[in-house]
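Visitor:
Residue numbers (the UniProt record's numbering): 1 to 130.
#1: Round the Cβ separation of residue 80 and residue 53 to the nearest angstrom and send it over; I've been treating them as touching at under 8 Å.
#2: May I ask you to report which of helix, strand or coil DSSP gives residue 1?
#3: CB-CB under 7 Å to residue 3, same chain, minus the five flanking residues each way: which ones, in chain order?
#4: May I ask you to list the residues that DSSP assigns as paired with residue 6?
#5: By the three-class DSSP mapping on this structure, what secondary structure does residue 72 have?
#6: Could you spell out where the beta strand (DSSP E) holding residue 114 opens and where it closes?
#7: With a Cβ-Cβ cutoff of 8 Å, do residue 164 and residue 104 count as a contact?
#8: When you compare the CB positions of residue 43 and residue 29, do they come within less than 8 Å of one another, or not?
#9: Have a look at the DSSP bridge pairing and note the partners of residue 104.
#10: Measure how close the beta-carbons of residue 83 and residue 51 come, nearest whole angstrom, since I'm counting them as under 8 Å.
#11: Quick one: is residue 106 buried, meaning 16 or more other Cβ sit within 10 Å of its Cβ, or exposed?
#12: Residue 47: buried (16+ other C-beta within 10 angstroms of its C-beta) or exposed?
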């Protein structure tokens, strides 16, 4: 079906949803972390037509690998991943004990589709806000 549409010049439509760890829409995934640790996350855009932006509230993303190649390890507030791209980032859990939003959303499109997850510090006492 996809090939036939593309052969006819019909563009691919917007995605129905974006997922974080297999969860999207009203379903949220959460990751429990310990303070003062560094965690490795693998982020992939497995979509067909839309770029994605990935960010974690209050945390910097240290890009350490993109497409199987090492990178200059810069810190970013968010990263854009285009169709078929993957990268690895390190995050350090150096914030106040809390829950923080993890957001993946469409980029460079008129309609925004997003998935939201939670980064939950093991000793957190406050829910995510913002």
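Each residue gets a CB set at the ideal place from its N, CA and C atoms; glycine is no exception. Quantities reported herein were computed from a predicted structural model and do not represent experimental measurements.
Guide: Judging by the given coordinates:
#1: Within the chain shown, residue 80 is the residue found at index 80, counting from 1. Within the chain shown, residue 53 is the residue found at index 53, counting from 1. Their Cβ separation, rounded to whole angstroms, is 5 Å, which keeps residue 80 and residue 53 in contact under 8 Å.
#2: Start at 1 with the first residue of the chain shown, and residue 1 comes out as number 1. Coil.
#3: Translated into positions along the chain shown, residue 3 becomes position 3. Closer than 7 Å at Cβ, skipping near neighbours: no residue.
#4: Here residue 6 is taken as the residue at index 6 of the chain shown, counted from 1. Looking at the DSSP assignment, residue 6 forms no beta bridge with any residue, so it has no partner.
#5: Position 72 of the chain shown, counted from the first residue, corresponds to residue 72. Here residue 72 sits in coil by DSSP.
#6: One-based indexing of the chain shown puts residue 114 at position 114. Note, residue 114: beta strand (DSSP E), 114-121.
#7: Absent from the structure is residue 164, since the part of the chain shown begins at 1 and ends at 130.
#8: The sequence position of residue 43 within the chain shown is 43, counting from 1. The sequence position of residue 29 within the chain shown is 29, counting from 1. Cβ atoms of residue 43 and residue 29: not closer than 8 Å.
#9: Along the chain shown, read from residue 1 onward, the residue named residue 104 stands at position 104. For residue 104, which the question treats as bridged, DSSP gives the partners 54 and 115.
#10: One-based indexing of the chain shown puts residue 83 at position 83. One-based indexing of the chain shown puts residue 51 at position 51. About 7 Å separates the two Cβ atoms, so the contact holds.
#11: Taking the first residue of the chain shown as position 1, residue 106 is located at position 106. Buried, because 16 or more other Cβ atoms sit within 10 Å of the Cβ of residue 106.
#12: Here residue 47 is taken as the residue at index 47 of the chain shown, counted from 1. Looking at its Cβ environment, which holds 16 or more other Cβ atoms inside 10 Å, residue 47 is buried.
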